[in-house]
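Okay, so here's the structure we're looking at.
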Amino acid sequence: MTTLKINCDDYDFAPLASAFEEQLKGCSPLSAEVIFCSEEDIRSLNSRTRGVDAVTDVLSYPSLALTPGEAISAGAYPLDVDEEGRVFIGSIAVCSKRAEQQAEEFGHSLEREINYLVAHGVCHLLGYDHMEEADKRAMRSAEEAALAKLRLTRD
3 MTTLKINCDD YDFAPLASAF EEQLKGCSPL SAEVIFCSEE DIRSLNSRTR
53 GVDAVTDVLS YPSLALTPGE AISAGAYPLD VDEEGRVFIG SIAVCSKRAE
103 QQAEEFGHSL EREINYLVAH GVCHLLGYDH MEEADKRAMR SAEEAALAKL
153 RLTRD
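For what it's worth, our numbering labels the leading residue of the sequence shown as 3, then goes sequentially.
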């Protein structure tokens with residue numbers, strides 16, 4: 003049983019969820035959701051929730067205040083457990099158009115870009131951030147480790 007389930011109507015993120023399994027040892031089963039949206043919608047979300055009136059590639063909305071590497075127990079978050087017994091850790095919004103543009107700009111596949119953006123979002127849901135250089139390195143390492151398991155490297 004996969005520790006993390008990433009719910010999305012538009013894309014199958016089961017392989018990416020499995021790639022995070024090593025990092026989530028000792029955790030109760032978890033869930034997150036991903037939605038794809040337009041530039042207009044993500045700009046509106048960004049403006050309303052972060053006060054930044056600009057299009058962005060991905061936004062993360064953690065439902066819990068977690069610390070990277072923390073063992074997440076359903077018993078500690080009983081109000082956040084869904085009907086499948088999974089602790090809901092939050093939502094991720096991905097701008098489809100920005101993902102396409104960035105895949106082209108960076109010279110890799112759309113599959114790699116989408117999985118990178120969602121991995122980035124999952125890391126935020128798990129408590130990672132990139133405000134300080136050391137934190138940024140830790141987050142990037144977690145993202146790249148997950149993508150490497152999917153053979154979606156930068157090459």
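Even glycine gets a Cβ: it sits at the ideal position worked out from N, Cα and C.
Check: Assigned exposure category for Gly123 - 16 Cβ within 10 Å defines buried; Outcome: buried
Check: Straight-line gap, Arg52 to Arg114 (C-alpha atoms, nearest Å); Outcome: 26 Å
Check: Element boundaries [beta strand (DSSP E), containing Ser33]; Outcome: 32 to 39
Check: For Glu106 and Cys97, the rounded distance between their alpha carbons; Outcome: 15 Å
Check: Alpha-carbon to alpha-carbon, Cys29 and Met133; Outcome: 26 Å
Check: As assigned by DSSP and simplified to three states, the class of Ile8; Outcome: strand
Check: Other residues of its chain near Lys138: CB distance less than 7 Å, five sequence neighbours each side excluded; Outcome: His132
Check: Within 8 Å, strictly: CB atoms of Ala144 and Gln25; Outcome: yes
Check: Residues near Met3 in its chain [Cβ-Cβ closer than 6 Å; skip 5 each side]; Outcome: Only weak support exists for where Met3 lies, its pLDDT of 48 falling under 50; the coordinates are left without a value.
Check: With 16 other Cβ atoms within 10 Å as the buried cut-off, status of Leu112; Outcome: exposed
Check: Among Asp55, Asn48, Gln104, the one whose alpha carbon lies nearest that of Tyr118; Outcome: Gln104
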